[in-house]
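Novice: FYI, the numbering for the sequence shown is 1 to 149, going by full-length UniProt numbering. My questions will all concern the structure given below.
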Amino acid sequence: MTTQSHFDEFNEFFSQIHNPEYIHHVPGTITCSRDAVKPAEFYFFSTPSAIAKQAEDARTMLQNTVYLMAQMQSHFSHLQPIRANELSNTLYFRKPSDRIVKKYSLATMHLALNHQKQDYAHAMVMPHVDRKVLTEFLTDLDQDSVTRL
């Protein structure tokens with residue numbers, strides 16, 4: 001609980017380092033600061049079997065990111081896909097249709113490139129994102145490209 005003036009002060013400072021457009025809101029508290037379950041989750045995710053599972057998830061995410069990047073470069077080069085580096089599970093590309101942005105919950109942003117504002121989106125390949133999901137995404141991008149012509 002806080003006063004409006006404290007929230008406004010927090011919001012003014014925090015919005016300088018956090019772009020609310022990115023996730024469509026400004027968080028009001030420090031993430032997990034009031035969650036009593038976090039210590040138990042930390043213990044659970046620190047066991048040897050959990051660490052091995054996390055390592056396997058990371059390998060799979062990066063392999064799927066490489067696959068998605070290759071497919072987008074090959075079939076959707078007009079979207080200008082780019083990846084920050086080989087350890088990144090995030091692909092940045094020109095914003096597709098609003099339908100695709102909504103269906104896949106893509107984060108969008110306005111970037112100033114060459115003195116022009118351009119709309120970009122990005123997709124993060126997470127553990128639940130398998131080849132089936134990626135294939136569906138690529139198929140939707142293909143259909144989106146056809147309907148935009």
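In this text, a Cβ means the ideal position worked out from N, Cα and C, and glycines have one as well. Owing to the predicted nature of the structure, the values given are computational and were not obtained by experimental measurement.
(1) In the DSSP assignment, what residue or residues form a beta bridge with residue 111?
(2) Could you give the C-beta distance for residue 42 and residue 50, rounded to a whole number, given that I count them as a contact under 8 Å?
(3) Between the segment 70 to 78 and the segment 103 to 113, do three or more beta carbon pairs fall short of 8 Å?
(4) What span of residues does the alpha helix (DSSP H) with residue 67 cover, start to end?
(5) Could you round the C-beta distance between residue 120 and residue 99 to whole angstroms and report it? I think they count as a contact, below 8 Å.
(6) For a test of the three-state rule: what should DSSP assign to residue 45, helix, strand or coil?
(7) Here's a check: name, in chain order, each residue in its chain whose Cβ is nearer than 7 Å to the Cβ of residue 125, leaving out the five neighbours to either side.
(8) Determine the direct distance from the alpha carbon of residue 57 to that of residue 92, and round the result to whole angstroms.
(9) In this structure, how does DSSP classify residue 91 when only helix, strand and coil are distinguished?
(10) Would you tell me roughly how many angstroms separate the C-alpha atoms of residue 87 and residue 59, rounded to the nearest one?
(11) In whole angstroms, what is the alpha-carbon distance linking residue 168 and residue 123?
(12) With distances taken between CB atoms, is the gap from residue 96 to residue 144 smaller than 7 Å?
(13) With a 10 Å radius around its C-beta and 16 neighbouring C-beta atoms as the bar for buried, classify residue 137 as buried or exposed.
Specialist: For this structure:
(1) As DSSP reads the structure, residue 111 sits in a beta bridge with 118.
(2) So it is not a contact: roughly 10 Å between Cβ atoms.
(3) no
(4) 48 to 75
(5) At roughly 17 Å, the Cβ-Cβ gap does not stay under 8 Å, so residue 120 and residue 99 are not in contact.
(6) coil
(7) Result list for residue 125: 61, 64, 65, 68 and 89, in chain order.
(8) 21 Å
(9) Three-state result, residue 91: strand.
(10) Straight-line Cα distance between these residues: approximately 10 Å.
(11) Given a span of 1 to 149 for the chain in the structure shown, any question on residue 168 remains unanswerable.
(12) yes
(13) It is buried - the Cβ of residue 137 has at least 16 other Cβ atoms within 10 Å.
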